[in-house]
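Sequence lines, in order, name chains X, G and U. So the first sequence is numbered by the working numbering: it starts at 4 and just counts up by one. So the second sequence is numbered by the working numbering: it starts at 4 and just counts up by one. So the third sequence is numbered by the working numbering: it starts at 4 and just counts up by one. Glycine residues also receive a C-beta, built at the ideal position from the N, C-alpha and C atoms. Since we're looking at a predicted model, the values are computed, not measured.
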Amino acid sequence: MFLSTERQWPLNAWYQAAWSHEVADAPLARTLLNEEVVLFRDAEGKASALEDRCCHRATPLRLGEVVAEGLRCGYHGLTFDGTGRCVAIPGQDTIPRNAKVRSYPILERQEIVWIWMGDPDLASADKLHVDFPWNDDHENWPHIHDMYEIDCNFMLLVDNLMDLTHIPYIHRKTIGGGDQRGQVDATMDVTETETGVHYIRWMEGIVPPPTYVKGAGFTEGTLVDRWQEFEYVVPSSVVQWTGALEAGRGARADREQDGGFNLRLYHGITPKTESTCYYFWTPLNGYKPKDEAATRILHEEIAVTFDEDLEFLESQQACMAQTLDRPLVNVKHDVARVPARRAIERMIRAETA
Amino acid sequence: MFLSTERQWPLNAWYQAAWSHEVADAPLARTLLNEEVVLFRDAEGKASALEDRCCHRATPLRLGEVVAEGLRCGYHGLTFDGTGRCVAIPGQDTIPRNAKVRSYPILERQEIVWIWMGDPDLASADKLHVDFPWNDDHENWPHIHDMYEIDCNFMLLVDNLMDLTHIPYIHRKTIGGGDQRGQVDATMDVTETETGVHYIRWMEGIVPPPTYVKGAGFTEGTLVDRWQEFEYVVPSSVVQWTGALEAGRGARADREQDGGFNLRLYHGITPKTESTCYYFWTPLNGYKPKDEAATRILHEEIAVTFDEDLEFLESQQACMAQTLDRPLVNVKHDVARVPARRAIERMIRAETA
Amino acid sequence: MFLSTERQWPLNAWYQAAWSHEVADAPLARTLLNEEVVLFRDAEGKASALEDRCCHRATPLRLGEVVAEGLRCGYHGLTFDGTGRCVAIPGQDTIPRNAKVRSYPILERQEIVWIWMGDPDLASADKLHVDFPWNDDHENWPHIHDMYEIDCNFMLLVDNLMDLTHIPYIHRKTIGGGDQRGQVDATMDVTETETGVHYIRWMEGIVPPPTYVKGAGFTEGTLVDRWQEFEYVVPSSVVQWTGALEAGRGARADREQDGGFNLRLYHGITPKTESTCYYFWTPLNGYKPKDEAATRILHEEIAVTFDEDLEFLESQQACMAQTLDRPLVNVKHDVARVPARRAIERMIRAETA
Numbered sequence: 004m005f006l007s008t009e010r011q012w013p014l015n016a017w018y019q020a021a022w023s024h025e026v027a028d029a030p031l032a033r034t035l036l037n038e039e040v041v042l043f044r045d046a047e048g049k050a051s052a053l054e055d056r057c058c059h060r061a062t063p064l065r066l067g068e069v070v071a072e073g074l075r076c077g078y079h080g081l082t083f084d085g086t087g088r089c090v091a092i093p094g095q096d097t098i099p100r101n102a103k104v105r106s107y108p109i110l111e112r113q114e115i116v117w118i119w120m121g122d123p124d125l126a127s128a129d130k131l132h133v134d135f136p137w138n139d140d141h142e143n144w145p146h147i148h149d150m151y152e153i154d155c156n157f158m159l160l161v162d163n164l165m166d167l168t169h170i171p172y173i174h175r176k177t178i179g180g181g182d183q184r185g186q187v188d189a190t191m192d193v194t195e196t197e198t199g200v201h202y203i204r205w206m207e208g209i210v211p212p213p214t215y216v217k218g219a220g221f222t223e224g225t226l227v228d229r230w231q232e233f234e235y236v237v238p239s240s241v242v243q244w245t246g247a248l249e250a251g252r253g254a255r256a257d258r259e260q261d262g263g264f265n266l267r268l269y270h271g272i273t274p275k276t277e278s279t280c281y282y283f284w285t286p287l288n289g290y291k292p293k294d295e296a297a298t299r300i301l302h303e304e305i306a307v308t309f310d311e312d313l314e315f316l317e318s319q320q321a322c323m324a325q326t327l328d329r330p331l332v333n334v335k336h337d338v339a340r341v342p343a344r345r346a347i348e349r350m351i352r353a354e355t356a
Numbered sequence: 004m005f006l007s008t009e010r011q012w013p014l015n016a017w018y019q020a021a022w023s024h025e026v027a028d029a030p031l032a033r034t035l036l037n038e039e040v041v042l043f044r045d046a047e048g049k050a051s052a053l054e055d056r057c058c059h060r061a062t063p064l065r066l067g068e069v070v071a072e073g074l075r076c077g078y079h080g081l082t083f084d085g086t087g088r089c090v091a092i093p094g095q096d097t098i099p100r101n102a103k104v105r106s107y108p109i110l111e112r113q114e115i116v117w118i119w120m121g122d123p124d125l126a127s128a129d130k131l132h133v134d135f136p137w138n139d140d141h142e143n144w145p146h147i148h149d150m151y152e153i154d155c156n157f158m159l160l161v162d163n164l165m166d167l168t169h170i171p172y173i174h175r176k177t178i179g180g181g182d183q184r185g186q187v188d189a190t191m192d193v194t195e196t197e198t199g200v201h202y203i204r205w206m207e208g209i210v211p212p213p214t215y216v217k218g219a220g221f222t223e224g225t226l227v228d229r230w231q232e233f234e235y236v237v238p239s240s241v242v243q244w245t246g247a248l249e250a251g252r253g254a255r256a257d258r259e260q261d262g263g264f265n266l267r268l269y270h271g272i273t274p275k276t277e278s279t280c281y282y283f284w285t286p287l288n289g290y291k292p293k294d295e296a297a298t299r300i301l302h303e304e305i306a307v308t309f310d311e312d313l314e315f316l317e318s319q320q321a322c323m324a325q326t327l328d329r330p331l332v333n334v335k336h337d338v339a340r341v342p343a344r345r346a347i348e349r350m351i352r353a354e355t356a
Numbered sequence: 004m005f006l007s008t009e010r011q012w013p014l015n016a017w018y019q020a021a022w023s024h025e026v027a028d029a030p031l032a033r034t035l036l037n038e039e040v041v042l043f044r045d046a047e048g049k050a051s052a053l054e055d056r057c058c059h060r061a062t063p064l065r066l067g068e069v070v071a072e073g074l075r076c077g078y079h080g081l082t083f084d085g086t087g088r089c090v091a092i093p094g095q096d097t098i099p100r101n102a103k104v105r106s107y108p109i110l111e112r113q114e115i116v117w118i119w120m121g122d123p124d125l126a127s128a129d130k131l132h133v134d135f136p137w138n139d140d141h142e143n144w145p146h147i148h149d150m151y152e153i154d155c156n157f158m159l160l161v162d163n164l165m166d167l168t169h170i171p172y173i174h175r176k177t178i179g180g181g182d183q184r185g186q187v188d189a190t191m192d193v194t195e196t197e198t199g200v201h202y203i204r205w206m207e208g209i210v211p212p213p214t215y216v217k218g219a220g221f222t223e224g225t226l227v228d229r230w231q232e233f234e235y236v237v238p239s240s241v242v243q244w245t246g247a248l249e250a251g252r253g254a255r256a257d258r259e260q261d262g263g264f265n266l267r268l269y270h271g272i273t274p275k276t277e278s279t280c281y282y283f284w285t286p287l288n289g290y291k292p293k294d295e296a297a298t299r300i301l302h303e304e305i306a307v308t309f310d311e312d313l314e315f316l317e318s319q320q321a322c323m324a325q326t327l328d329r330p331l332v333n334v335k336h337d338v339a340r341v342p343a344r345r346a347i348e349r350m351i352r353a354e355t356a
């Protein structure tokens, strides 16, 4: 609907289905790329994903229970293991060969449950292009996981993250406050990568925004050098490292100095349907890792910011869906957004060729 | 949508439109087999059914009033008698011949208002195949009438009643509690009839479920012989007689003994649309007929049970409607459900041949 | 859907977009004739209307802000003047020629903001056929503006106003109370005009309805001569003058006498979609113009009356939309309604010929 290719997403790719902690001893239902999926974790701790439909009477398996043998349908008790094979039918000994449901390859890494919705024979771990080791390092990068369901095409959220000049407009009361002009006129270095696009923006000697002041405790009148480093990785991850140091401390040369403000953010954006998506996000506290309250406050501040985006994304979706025949006009600040779109369209074309 | 024939229901058949007490001196609107119908009772007590649309300006007649002459439209006062003829137009003496609305044959019996949605010339009382005399016997079978609107195809509800192995799963906290295995492994006698299917299940020497204990006052440790007798009558009635006697009292030979637990249930299931239905139900207290509180408690317990079914039926409907192209697998316990489906499909085919 | 022509409304005509006071320093979004429009008023007080979609990323402009240069998009800051031209893009000096949004001709008169949704080259002030000078005379005709969003085709509301025999039925508890028969049997003088239809109804020597008694203070037992004068002006205005004088005071010869009950009402009905509309209305207090409380009470009484119509209009819409293939029957009291329909159909045919 919003891409120049007909297909909205590649099928043969890993998508985030859930945060690891969400997949536990109760079935978890998700709509992924237009399919109804149910996730569960067995007694050995292995996560599995099945189609959310019993093969007996089309009842959703999410209404069932996780038992020793697998996932048991809540209607008449048919039970399926993690491969989708029916392993028990109450009241009968022989299980027909066609009693099975579809299962989906799962890969669990760095606190993320990845799912492969395409051809299972093509699934392999080396096709996961994103790496976010900080998720495994709660000591130095403490963080809280979150997920929003948003009524917009998943790429509208990628668009949002690829053009940060929206910050001084949408977020002028939170992270976009302070020096509006300085934020729009940041330097911008964009590099196309094999799997997406990378950019870094620098705003030097600017007044820090309220969120940064609150987080890092910059004193009244301090100017800062602020950076925003983002990488989009197809099909639907964005890795972020942003922060600020007092001007004069040489942030450009060394961003890993103590003090200042410094956070990483993982964004996982998975299509539910053409017009809806899951937005998995977690901000990692890199500036006061021993301070639990700081981690919590950081999470709350980011949540407020994302809430501001929601109204825009959902209104944009509704408007765009109604006006697909009308032209759009790119501007200079689409310099990272446009190659991000090209990257996913390339991936879709390669798959459908 | 859920039958192998194209048509979802026979038209030339009696369907429950309402309980008798529901049709009173105010118009009652119902959507029946995709048509908007309004029911009312005239001063002589005769129930009538008209299309719910004034022939003047397509205003629903349900917004009108029952007056001496019939049903008066609430917008401009046109009045229609029970045959659908316009008998009054305010401000004019001559009534045009085409001023009329459609009327539907009505048959009222055993506290049920039956409606005929098909060809009126084919309607006759002998085509009502269901008989439930206990509705007329409030002394020995006191009961309360109820109705649920459910977002599922009407035959999913019939399916539900034709395979009681769902009870130890969906209703494990109410009527399905106690001996789960014993309930699944009941003996099952199925007989196809001219108008549907009949079955009786026996569970002998089992722990009674909590609902039965509450109702009949079985003492701690008592085992019972429990029966479930059901008959499906096309197109959409299910007649039920269930109960339990202490094991050893010879329930199989004589179920009409005093004591124990014993109820009849009438289920009337009428399609609103392909994906929604009305579920008329009334449980009749045959075990403590003089005890008003027992009748009320029975009704409440059954309501709790049916509430448990609702989530399953509506989720199943949504899932099935989305996956019509996917196969389903019958199991041994579909032994009554499958002939019930065959019976209604036969009836539809006979009508459309 | 409800007209015998295919098109639902003429495009080349003035429609009420808003009351003047509604268009202020914040953007106001309206759906007009199936198009999303945003209205705003610039620093000089000039009202403008643009399509509610930024040409950059299809974000609704209603989420933006009115600034000195025009309306600024809330997402990335593009700014448009009242003609739809983009006058600012943050971060770039050159503005591409195709950076523009559609604008709509606006005409503001008598407290109404009129919009022209068709070919802008055809828009001219002389094509506004309705005149309601009393809106500008708050001293002698004090009034409060209101607007309802109604889920019905706009012409169903015109129909409602063209056949007042609905009053003793729908409004029997408010303005239709009192002498029901007398109200139905009013004399009715209908005149087709070049731009619609005019009628006046007289009910002489009748018991006044409760609303009139409350408003004018008629004493117990007083009979009145009551008039209802209405004019429909294509495409979607209805101008009303109604009132009552004590019987014997010669109301027919002179309705402008002091005392009695006397109000004017402006009805502006603008299609949102085929099945929804905006209903702009204001009742003008012509009987106690110095009495602020009377103006407020009049407004509240009329609001109660219109609330009674709402259920009918929305139910009628739903019923009519479902039964377009079924015939309707006109009655004698459609004598003004039918020429009103003919007038708008003539206008649509002239435009589409």
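- Item | Extent of the continuous alpha helix (DSSP H) run through I109 (chain G) | As a working note, residue 109 (chain G) is residue 106 in the second sequence. Where I109 (chain G) is concerned, there is no enclosing alpha helix (DSSP H), although the beta strand (DSSP E) it sits in stretches over I109 to R112.
- Any Cβ of chain U within less than 8 angstroms of the Cβ of G80 (chain G)? In the second sequence, counting from the first residue as 1, residue 80 (chain G) sits at position 77. Yes, its Cβ sits closer than 8 angstroms to a Cβ of chain U.
- Item | 9 angstroms Cβ cut-off: residues of chain X touching P330 (chain G) | Sequence index remark: in the second sequence, residue 330 (chain G) carries index 327 (1-based). Under a criterion of Cβ atoms nearer than 9 angstroms, the residues of chain X adjacent to P330 (chain G) are, in order, C58 and N101.
- Under a Cβ-count criterion, where at least 16 other Cβ atoms within 10 Å of its own Cβ denotes burial, should A46 (chain G) be classed as buried or exposed? Here residue 46 (chain G) refers to the residue found at position 43 of the second sequence. Burial call: exposed.
- Message: Can you list, in chain order, the residues of its chain with a C-beta nearer than 6 angstroms to that of M4 (chain U)? Leave out the 5 residues immediately preceding and following it.
- Response: Taking the first residue of the third sequence as position 1, residue 4 (chain U) is located at position 1. Low confidence applies to M4 (chain U): its pLDDT is 48, below 50, so where it sits in the model is not reliable, and the reading given next is rough at best. Cβ within range, chain order: E277.
- Query: In three-state DSSP terms, what is A20 (chain G)?
  - Reply: For this step, residue 20 (chain G) is matched to residue 17 along the second sequence. A20 (chain G): strand per DSSP, three-state reduction.
- Task: Under 9 angstroms between beta-carbons, which chain X residues line up against L268 (chain U)? List them in chain order, please.
- Result: For the purposes of this step, residue 268 (chain U) is identified with residue 265 of the third sequence, where counting begins at 1. Neighbours of L268 (chain U) on chain X: none; closest Cβ ~35 angstroms, over 9 angstroms.
- Hey, does Q231 (chain X) have any beta-carbon neighbour from chain U nearer than 8 angstroms? Translated into the one-based positions of the first sequence, residue 231 (chain X) becomes position 228. For Q231 (chain X), the answer is no, since every Cβ of chain U falls outside 8 angstroms of its Cβ.
- Task: Using three-state DSSP, classify A91 (chain G) as helix, strand or coil.
- Result: Working through the second sequence from its first residue, we reach residue 91 (chain G) at position 88. In the three-state reduction of the DSSP assignment, A91 (chain G) falls in the strand class.
- Query: What does a CB cutoff of less than 8 angstroms around L159 (chain U) pick up in its chain, not counting 5 residues either side in sequence?
  - Reply: Counting from 1 along the third sequence, the entry for residue 159 (chain U) is found at position 156. Excluding positions up to five away in sequence, the list reads F5, L316, Q319, Q320 and M323.
- Going along the chain, which residues of its own chain have a beta-carbon closer than 7 angstroms to the beta-carbon of A254 (chain G), five neighbours each way excluded? By one-based count along the second sequence, residue 254 (chain G) stands at place 251. Within the same chain, A254 (chain G) has close Cβ partners D228, W230 and L248.
- Message: Rounded to the nearest angstrom, what separates E232 (chain U) and W244 (chain U) at their Cα positions?
- Response: Here residue 232 (chain U) is taken as the residue at index 229 of the third sequence, counted from 1. Here residue 244 (chain U) is taken as the residue at index 241 of the third sequence, counted from 1. One C-alpha to the other measures close to 5 angstroms.
- Task: Let me know if R299 (chain X) comes out buried or exposed under the rule of 16 or more other beta-carbons within 10 Å of its beta-carbon.
- Result: Taking the first residue of the first sequence as 1, we reach residue 299 (chain X) at position 296. Result: exposed.
- Message: Quick test of the definition: if touching needs 3 or more C-beta pairs under 8 angstroms, does the segment 40 to 60 of chain U touch the segment 275 to 290 of chain U?
- Response: no
- What three-state label does DSSP hand F283 (chain U) in the structure shown? For the purposes of this step, residue 283 (chain U) is identified with residue 280 of the third sequence, where counting begins at 1. F283 (chain U): strand per DSSP, three-state reduction.
- Task: Compare the C-beta of L35 (chain G) with all C-beta atoms of chain U and state if any pair is closer than 8 angstroms.
- Result: Taking the second sequence and counting its residues from 1, one reaches residue 35 (chain G) at position 32. Output row for L35 (chain G): interface = no.
- Task: Less than 8 angstroms between the CB atoms is what I'm expecting for E234 (chain X) and H201 (chain X), so what's the real figure, rounded?
- Result: If you number the first sequence from 1, residue 234 (chain X) lands on position 231. If you number the first sequence from 1, residue 201 (chain X) lands on position 198. About 4 angstroms; that satisfies the 8 angstroms criterion.
- Item | Separation of R65 (chain X) from L31 (chain X), as counted between CA atoms | For the purposes of this step, residue 31 (chain X) is taken as the residue at position 28 of the first sequence. For the purposes of this step, residue 65 (chain X) is taken as the residue at position 62 of the first sequence. Spanning the two alpha carbons is a distance of roughly 6 angstroms.
- Task: Check the DSSP bridge columns for T276 (chain X) and list the partner residues they point to.
- Result: As a first step, residue 276 (chain X) must be located in the first sequence, where it is residue number 273. Residue pairing for T276 (chain X): DSSP places it in a beta bridge opposite X:T279.
- Query: Counting contacts by CB-CB distance shorter than 8 angstroms, is T190 (chain G) in contact with chain X?
  - Reply: In the second sequence, counting from the first residue as 1, residue 190 (chain G) sits at position 187. With 8 angstroms as the cut-off, T190 (chain G) does not count as an interface residue toward chain X.
- Message: Need the endpoints of the alpha helix (DSSP H) that G48 (chain G) sits in, please.
- Response: Within the second sequence, residue 48 (chain G) is the residue found at index 45, counting from 1. Neither: G48 (chain G) is in no alpha helix (DSSP H) and is coded neither H nor E.
- Task: Taking Q19 (chain X) as the reference, give the member of X:F157, X:A91, X:G94 and X:L81 with the closest Cα.
- Result: Mapped onto the first sequence, residue 19 (chain X) falls at position 16. Closest by alpha carbon: X:F157.
- Message: Can you pull out the residues from the segment 155 to 176 of chain U whose beta carbon lies closer than 8 angstroms to at least one beta carbon of chain G?
- Response: D162, D166, T168, H169, P171, Y172 and I173
- Message: So F315 (chain G) contacts chain X; which residues on that side make the cut at Cβ distance below 9 angstroms?
- Response: Within the second sequence, the letter at position 312 stands for residue 315 (chain G). For F315 (chain G), the C-beta contacts it makes with chain X under 9 angstroms involve T62, P63, L66, G77 and Y78, in order along the chain.
- Task: Express the C-alpha separation of V332 (chain X) and R340 (chain X) in angstroms, rounding to a whole number.
- Result: One-based indexing of the first sequence puts residue 340 (chain X) at position 337. One-based indexing of the first sequence puts residue 332 (chain X) at position 329. Straight-line Cα distance between these residues: approximately 13 angstroms.
- Query: Checking contacts by CB at 8 angstroms: is G94 (chain X) closer than that to chain G?
  - Reply: In the first sequence, residue 94 (chain X) corresponds to position 91, counting from 1. Yes - at least one Cβ of chain G is within 8 angstroms of the one on G94 (chain X).
- Keeping to the same chain, check which residues put their C-beta closer than 7 angstroms to that of D337 (chain X); ignore five residues upstream and five downstream. Counting from one through the first sequence, the residue named residue 337 (chain X) turns up at place 334. If we look at D337 (chain X) and ignore the five residues flanking it on each side, its Cβ neighbours are D166.
- How close, in whole Å, do the beta carbons of E151 (chain G) and Y282 (chain G) come, if the pair is a contact with beta carbons under 8 angstroms? Taking the first residue of the second sequence as 1, we reach residue 151 (chain G) at position 148. Taking the first residue of the second sequence as 1, we reach residue 282 (chain G) at position 279. Residue identity check: residue 151 (chain G) is Tyr in the sequence provided, not Glu. Sure, about 4 angstroms apart at Cβ, within 8 angstroms.
- Query: In chain order, what residues of the segment 37 to 49 of chain U put their CB closer than 8 angstroms to some CB of chain X?
  - Reply: E39
- Find the residues of chain G that neighbour H365 (chain U), judging by a C-beta separation of less than 9 angstroms, and give them in chain order. Residue numbering for chain U in the displayed model covers 4 to 356; residue 365 (chain U) lies beyond these limits and cannot be assessed.
- Task: Express the C-alpha separation of R33 (chain U) and Y215 (chain U) in angstroms, rounding to a whole number.
- Result: The residue you call residue 215 (chain U) lines up with position 212 of the third sequence. The residue you call residue 33 (chain U) lines up with position 30 of the third sequence. Distance between the alpha carbons of Y215 (chain U) and R33 (chain U) is about 35 angstroms.
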